[in-house]
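>
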Amino acid sequence: MNRLYFGDNLEVLREHIKDETVDLVYLDPPFNSNATYNLLFKSASGRRADAQIEAFDDTWHWGEAAAGAFHDVVRRGDEIAGMLRAFRGFLGENDMMAYLAMMAARLTEMRRVMKPTASLFLHCDPTASHYLKIMLDGIFGTEFFTNEIVWKRTTPKGLAFTRFPSNHDLILFYRRSEKYVWSMPFSSHDASYIKSHYNLVDKDTGRHFQATSLLNPNPNRPNLTYEFAGHRKVWRWTKERMQKAAEEGKIYFPPGGGVPREKRFLDEQRGTPITSVWTDIPPVNSQADERIGYPTQKPLALLGRIIEASTNPGAVVLDPFCGCGTAIHAAERLGRAWIGIDVTHLAIEVIESRIAKFLPSTQYTVIGRPLDLEGAAELARRDKHQFQLWAVWLAQGTPYQDGKKGRDRGIDGQRFFPAEDGEAERAIISVKGGDHLSPAMVRDLRGTIEREGAACGLLILLRPPTREMEREAAAAGMTDLPGRPVPRVQIRTVAQLLDRNGFDLPVTWAEPVQPAAVAAREKKAVKRRKIPDSRQREMLLPTKGGKDASEGAAHQSVAASAATRRARQGR
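When you line the sequence shown up against the working numbering, it's residues 3 to 573, in that order.
If you want it as C-alpha cells, here you go:
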C-alpha cells in the first residue's frame, strides 16, 4: 500500500487516489511565512506558470497555473466557487490569491479521497490561516471544524523590535463527517500538579491519591440515599458498591469523621488531557537524532500525536506535500500505511534516504520518476529545473546549492570522489535538456572546470551530442586521477545513464561515510581552496528497499555519497 509519488499532487490525487480510501490527511503546504503583508499582497508581474513548487522557495505567484486552478474551481458553481470569487474580488490577482486558488483545487480533491470517518490536519501559520479556515469551512462545512491547534515552537522566528516575536504555528483540524475515529491523547502530570492534587498517601500501599467527592449532584435519588460511615447522604454509588470499595481500600475517611471520599490513585490516571495548545513538543534541533537537515522538518512527536489521536493501526495516512517525509516516518513507525506526494525530485530523494536510514525494512513503491527516455523527455518538457535535479541524481551527483533556483554559475550538480591524499576531488555536472545542442555547451563547461579548479566535467544531454561537441570534448584532453587518467570532459545521454552506462570516474568512498570525518575534510578543503561552501545535504544516504512502480524490481538508489569538496588546481 505504501506509495511515494513524484509529481504535482493535484494530478496525482485526481488520477491515482480513489474516492474514500484515506483515513487521515496531514498537509504542511509550502508558503512564504516570512514575507511581509506589503510584499505578499503586491501583484506579481509577468506570466510565469507556477504549477511546480520549489522545495525551499515556497511562495506561489499569480500566473497561468493559478488562473487555471481558479477557473477549474469556479466553473463547478458550488459554495467554494462563490467563496473563491469573493476572495479574488477582495484580494485581486496577487500571490495570496494564487495560493488560495491552488489550495482550493487541492483541498477539494483531498476531501473526495477521505473516508467518512477520516480527519484532516492542515499545518500553517498566521500568514494565511484565516483565509484557509474560511476555505475549509466552505469545503467541509462549518459544523465539521473541530479545532484550531496552536503548536508553540521554543524559538521565535528571528528578532522583532516592532512587534511580539512569532513562535507558533497553527494546525486546522476538520472531520469528514459526524462519524470519526478519535483516541484522546494525554500527557503526564507535571510535578507541581502532582504536589497540589495528589498530596495524600495511602498508609498501606504508599500510593499517592487525591480524594474526590462521592456525593450525588442530584438530590432526588431515593435509591442512592442511605447512611454510610455515620453520614446520611445522596451518594453516587449504591450501598453495595460503596461497601465493596471500602473493603478494597478505595474509600478515604478524613480525620475527625468527615464525609468519606473516593481515592483516585495517581498511578491509575491517564494523565492530563491534551488541549488545543501544544507547548510540550519542541522543534527539531541541531542535535536531534531524527534531524536530516531539511529546513522545514517537523518533529516526529508532532505527527505521532496527530496520527495516534485520529487513526487506528492499519489506517492509511496521506501527506500530499510530504517534503522530507516526517508524516511518512511517523505513520510507518505507528503501523499505518501511507501515501506521500511531492513535486520536487529532491524531496523524493530525501524521503528515500530517510527510509533507508531509519526504516530500512520498509516496503514501498515509487511512482512518477522517469524510468525511460520518454519519461525523461516529458519531465524536461514539463519542468526543466526538476529534470536537471533528476539527471544529477541519475549521475550519482549532488545538486548545486541544494537544488535552489538562481545563478548556478554554470553548475547544475557536483560529484565527489577520493583523491590520492584521502581528501576530495570534484567533478562539475552540467545538464542540457533541450533539443538544440552546440559545441559552445562543451566550451562553457571547460571554462567552468577551469574557473572552479575542478578535476573534470560531466555533460548530461537528453539528445545525442553532435560530432562537433564530441570533437570539442576530445580536445579538452585527459586529467590525472587516482589510478589512471580519464577524459577531462565527458558526455553522456540520459539514455546511456538509464542503461547503466555511466561516467568514467574513480570509485566514490565506501559507505557508510562518517559524517564527522566528512565535515572536517570539507571544512578544510573549502578553507584551503576557497570553494563555494554549498555543502552536501546531510540526508543524502545510500537507499534501499523501494520499488519503481513500472519496473516492479528493487529500486537501486544512486543518491550521491556524502563527501567533501576540494578543487583540483593547476590542471
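Note that beta-carbon positions come from the ideal geometry of N, C-alpha and C, so glycine has one too.
Please read all numbers here as calculations on a predicted model, not as lab measurements.
Distance, Cα to Cα, Ala-478 vs Pro-401?
Spanning the two alpha carbons is a distance of roughly 24 Å.
> Going by Cα to Cα distance, which pick from Arg-234, Pro-372, Leu-268 and Lys-241 is closest to Thr-207?
Measuring from the Cα of Thr-207, the nearest candidate turns out to be Leu-268.
> Looking only at its own chain, which residues have a Cβ that is under 6 Å from the Cβ of Ile-413, when we skip the five neighbours before and after it?
If we look at Ile-413 and ignore the five residues flanking it on each side, its Cβ neighbours are Tyr-402 and Ile-430.
> Quick check: Val-318 and Asn-11, are their CB atoms within less than 8 Å of each other?
No. Outside cutoff.
> What residue range does the alpha helix (DSSP H) around Gln-212 cover?
It is not in any alpha helix (DSSP H) - Gln-212 instead sits in the beta strand (DSSP E) that spans 210 to 215.
> Where does Phe-175 fall in DSSP's three states?
Residue state, collapsed to three classes: strand.
> Across the region 318 to 334 and the region 371 to 378, are there enough close Cβ pairs to call them in contact, namely three or more that are closer than 8 Å?
With a cut-off of 8 Å, the region 371 to 378 and the region 318 to 334 do not count as touching, because too few Cβ pairs lie within range.
> Where do the ends of the alpha helix (DSSP H) carrying Asp-139 lie?
Where Asp-139 is concerned, the enclosing alpha helix (DSSP H) stretches over 131 to 142.
> Mind checking which residues open and close the alpha helix (DSSP H) that includes Glu-66?
Per DSSP, Glu-66 belongs to the alpha helix (DSSP H) from 66 to 76.
> What ranges does the beta strand (DSSP E) occupy inside the region 311 to 356, keeping only unbroken runs of at least 3 residues that lie completely in it?
Whole beta strand (DSSP E) segments, 3+ residues: 318 to 321 and 339 to 344.
> Grab the span of the alpha helix (DSSP H) containing Glu-13 for me, first residue to last.
Element bounds for Glu-13: 11 to 18.
> Quick one: give me the first and last residue of the beta strand (DSSP E) that Gly-415 is part of.
From DSSP, the beta strand (DSSP E) with Gly-415 extends over 415 to 420.
> Do you know whose CA, among Pro-489, Ala-106, Cys-324 and Ile-493, lies nearest Glu-470's CA?
Ranking Pro-489, Ala-106, Cys-324 and Ile-493 by Cα distance to Glu-470 puts Ile-493 first.
> Quick one: give me the first and last residue of the beta strand (DSSP E) that Asp-21 is part of.
Per DSSP, Asp-21 belongs to no beta strand (DSSP E) and is neither H nor E.
> Among all the DSSP beta bridges, which residues are the ones paired with Pro-275?
Answer is Phe-188, bridged to Pro-275.
> Is Thr-119 closer than 8 Å to Asp-25 when the C-beta atoms are compared?
Yes.
> Who are Phe-147's beta bridge partners in DSSP?
Its beta-bridge partners are Tyr-176.
> Excluding the 5 residues preceding and the 5 following Ala-71 in the sequence, name in chain order all residues of the same chain whose CB lies nearer than 6 Å to its CB.
Cβ within range, chain order: Ala-103, Met-104 and Ala-107.
> Going by DSSP, what residue range makes up the beta strand (DSSP E) through Gly-459?
First-last of the beta strand (DSSP E) with Gly-459: 458 to 463.
> Are the beta-carbon atoms belonging to Ser-440 and Gly-459 less than 8 Å from one another?
No, Cβ-Cβ distance for Ser-440 and Gly-459 is not below 8 Å.
> If you drop the 5 nearest sequence neighbours on each side, which residues of the same chain put their C-beta closer than 6 Å to that of Met-85?
Only Gly-140 meet the Cβ criterion.
> Please state the DSSP three-state secondary structure of Phe-123.
In the structure shown, Phe-123 sits in a strand (DSSP, three-state: E or B).
> Buried or exposed for Glu-17, please, with buried defined as at least 16 other CB atoms from any protein chain shown within 10 angstroms of its CB.
Counting Cβ neighbours within 10 Å, Glu-17 comes out exposed, since fewer than 16 surround it.
> Can you tell me whether His-199 is helix, strand or coil according to DSSP?
Three-state result, His-199: helix.
> I'd like to know if Gly-455 contacts chain B, where contact means its C-beta is closer than 8 Å to some C-beta of that chain.
Here chain B cannot be found, since the structure has a single protein chain.
> Go ahead and label Tyr-28 buried or exposed: buried means 16 or more other beta carbons lie within 10 angstroms of its beta carbon, across all protein chains shown.
It counts as buried.
> Look at the alpha carbon of Lys-265 and the alpha carbon of Ser-312, and state the distance between them as a whole number of angstroms.
Approximately 32 Å between the Cα atoms of the pair.
> Beta carbon of Phe-142, beta carbon of Phe-175: below 8 Å?
No. Outside cutoff.
> Please name the residue in Phe-323, Gly-325, Thr-129 and Arg-338 whose C-alpha comes closest to that of Glu-310.
Checking every option, the nearest Cα to that of Glu-310 belongs to Arg-338.
> Okay, do the region 282 to 292 and the region 229 to 243 touch, 3+ Cβ pairs below 8 Å being the bar?
At 8 Å Cβ cutoff, the stretches do not touch.
> In or out: Asn-4 buried (at least 16 other Cβ within 10 Å) or exposed?
That one is buried.
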